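I have placed the structure first, in the form of structure tokens, so that the comments after it can refer back to it.
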Amino acid sequence: MKDFFKTLFACLVALGVFVVGSLFLFVGFVAVVGGSSEPPVPPKAVLVVDLDMNLLDHASAPGVSESLQTALQGEKSRTLALATAVAAVDRAAADERIVGLYLTSNLTPAGYGSGPAALREFRGALQRFKAKKPVLAYNVTWAKRDYYLASVASPLFVNPAGEVEMNGLASETTFFGDALQKFGVQVQVTRVGKYKSAVEPFLLNRMSDPSREQMQVLLDDLWTEWKTTVAPDRKLTPEALQALADDKGMLLPDEAQVAGLVDRVASFDEVLEELKKLSGTDSENKSFNQIDLAAYAGTEVRPGEGKNRIAVVYAEGEIVNGEGRSDQVGGDRLSRELRKLRQDPDVKAVVLRVNSPGGSASASDLIQREVILTQKTKPLVVSMGTYAASGGYWISTYADRIFAAPNTLTGSIGVFGLLPNFQKLANDLGVTFDGVQTARMATLGTVTRPQSEAEFARIQSLTDRVYEQFLDKVSEGRKLDREKLKEIAQGRVWSGVQAQKLGLVDEMGTLEDAARFAAEKAGVGKDYRMDMPKGRKSFAEQLAESLSEEAKPKARSAVDVLMADVQRQVEVLRSLNDPAGVYARMPFEVSIH
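So in the UniProt record's numbering, spot 120 of the sequence shown is number 120, and the numbers just go up one at a time.
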């Protein structure tokens, strides 16, 4: 009995320690998540742009996983909204307390963040800052994506042990066709448009000729934009950058300096001295006076804002039916948001920011209906991010005006259906399927057997009909001749530059440009403010969602990259929830590393 009470007492003590510890942890977590105090801006401060972040179009609050990491490890959230980052840099350029900007580290993109179009907008803010104040940049290794931003800086440093990447762009697609056949998974597809190659990874073992053609043209356009943007700031020519990409690929520090890619080869302590000369020394931490971009963005509201609301609403991610996850465009959710803005008399105009490769055709049509109704009530302008293709273009086509970036990927006017079945795989494992039905089409879309000739014909007819509707809507919304539209459709993806020439977009411009146009069309001139949305999910919803997510390491090996590609394809399959099985989705995604 004595031992029993000892054990019981020990258990109670352990339980008490656990409860108290958990309470302290929870209090700390709430303090981190709920805290809103920001550090003050010191005099003669340098604005530090730590690129170890993901620039998302959507101005959402940090997710639960990031908040948990902050609470448990003391690390700051590294997700920042593009509009917030741009506004902060622009404000800092006019802030007398800020004497310069320091850019360092490497971007950590995820989802549809940190894409080429987003980086172009952010780079524009860096250039505007440089016109007024010094911009310095330092890194051990400059990858193309980070160098695209850093090339604004003068001086631009690289570590003696580092390198500068200058090797052009490449695209690789993972093909599962042979593997699926090997494992007994059969795939039937319906599609309209010879360039609609979204289904090819599940059928083939190499790129089709049309897919190769459009990808080469797109990469050439993206690479041309990269070279012509970077070259002037480095006092080089696009031809010189092309020669380095052809001959070197990766440049050692001394080679990069000779080539004019960097100004100095220096260690961090040497760069630190330069920053101290610029801002003075912080007596407390013996470093330079500084404030982080994310912290500075939260110090005060943007100045000079008017009373008239120009609402910004985001369509970022895969377009799916229903509400969708926080990283998706839920057809029901976005339709509801647009409806609220349409019915709100205080909202004078709407800017729809699209960063989506498309997805469900029916969800895209639901959203488009609300776009049409809103546009009839008040000005509605589309600002395209990195992606506004297929379903992303579908929801954009009735806007009063469409703004895009030269490196936006848009168009992809085509549709497809993907019909896998696991009959052979199941049979090989000794599993069979049987049943009864009351109509010939009762099992239309089943995955337990191949579609019959009649079933397949029906699904193809649905696909054809959606494509014709797509053409009708684009022709009407963009006032394009339908026969000419057929020539540029076919599921082909176009760069923003080419899309403007073809009449698919109206002009090159940023989110700010789109808001300015919307305000002018609404008749409010400069007396307006951009009304950004808050986070889209409650804390409880984010927490429930985050519990199923795996932690992702910051540095990835080549195997990790390959597995991420495979996982991305699986995620695409999981997002295919259109009830008719017909999708208006871009066939690929482009990421600059």
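The C-beta atom is built at its ideal place from N, Cα and C for all residues, glycine as well.
No experiment lies behind these values; they were computed from the predicted model shown.
Inset, instruction - Take the Cβ of A551 as the centre, count every other Cβ of all protein chains shown within 10 Å, and call the residue buried at 16 or more, exposed below. - result: At A551 the pLDDT is 39, less than 50, meaning the model places this residue with poor confidence; the figure from the coordinates comes in the next sentence. By the Cβ-count criterion, A551 is exposed, with fewer than 16 other Cβ atoms from all chains shown falling within 10 Å of its own Cβ.
Inset, instruction - In angstroms with no decimal places, state the Cα-to-Cα distance between R469 and E476. - result: Before going further, note that residue 469 is Gln rather than Arg in the sequence given. Going from the Cα of Q469 to the Cα of E476 covers about 11 Å.
Legend entry - Backbone secondary structure at D344 - three-state DSSP: coil
Legend entry - Ranges of the beta strand (DSSP E) found wholly within the stretch 171 to 199, counting only runs of at least 3: 186 to 192
Inset, instruction - With distances taken Cα to Cα, identify the nearest neighbour of L204 among L219, S171 and V187. - result: V187
Inset, instruction - Tell me L380's beta-bridge partners as DSSP assigns them. - result: L380 is bridged to V350.
Inset, instruction - Report the three-state DSSP secondary structure of R264 (helix, strand or coil). - result: Residue state, collapsed to three classes: strand.
Legend entry - P232 - containing alpha helix (DSSP H), residue span: Per DSSP, the continuous alpha helix (DSSP H) segment holding P232 begins and ends at D209 to D233.
Legend entry - Expected contact under 8 Å - CB spacing of L352 and V329 to nearest Å: With a Cβ gap of about 11 Å, L352 and V329 do not count as contacting.
Inset, instruction - Closer than 8 Å by C-beta to M250: which residues in its own chain qualify, once you throw out the five before and the five after it? Chain order, please. - result: E163, V164, E165, M166 and N167
Legend entry - P42 beta carbon near the ligand COA (any heavy atom closer than 6 Å): Of ligands this structure carries none, so the ligand COA is not represented either.
Inset, instruction - Report back the beta-carbon spacing between F122 and L101 to the nearest angstrom; my notes put them in contact at under 8 Å. - result: 12 Å between Cβ atoms; not a contact.
Legend entry - CB-CB length for I367 against I395, believed under 8 Å: Contact holds; Cβ gap of about 5 Å.
Inset, instruction - Could you please give the first and the last residue of the uninterrupted alpha helix (DSSP H) stretch that includes D254? - result: P253 to A259
Legend entry - Alpha-carbon to alpha-carbon, A454 and I488: 31 Å
Inset, instruction - Examine the Cβ distances between the stretch 498 to 518 and the stretch 423 to 432 and report whether three or more of them are shorter than 8 Å. - result: No, because fewer than three Cβ pairs between the stretch 498 to 518 and the stretch 423 to 432 fall closer than 8 Å, the two stretches do not touch.
Legend entry - Neighbourhood of V185 by C-beta distance below 7 Å, restricted to the same chain and skipping five residues each side: P420, F422 and L425
Legend entry - Contact set for A88: own chain, Cβ-Cβ below 7 Å, skip 5 residues either direction: L293, Y296 and A297
Legend entry - Chain-order list of residues whose beta-carbon lies under 6 Å from that of L23 (same chain, five-residue window excluded): Note that L23 scores 45 on pLDDT, short of 50, meaning its location in the model is unreliable and no value can be drawn from it.
Inset, instruction - Rounded to whole angstroms, what's the CA-CA distance from R78 to T174? Just pull it up for me. - result: If you take the alpha carbons of R78 and T174, they lie about 29 Å apart.
Legend entry - Those runs of the beta strand (DSSP E) which lie wholly inside the stretch 425 to 498 and span at least 3 residues: 493 to 495
Legend entry - Cβ shell of A515 (< 6 Å), same chain only, five flanking positions each side left out: I310, V351 and M530
Inset, instruction - Tell me whether E172 is buried or exposed, calling it buried when 16 or more other Cβ atoms sit within 10 Å of its Cβ. - result: exposed
Inset, instruction - Please name the residue, chosen from E316, R333, A118 and P379, that lies closest to R342 on a Cα-to-Cα basis. - result: P379
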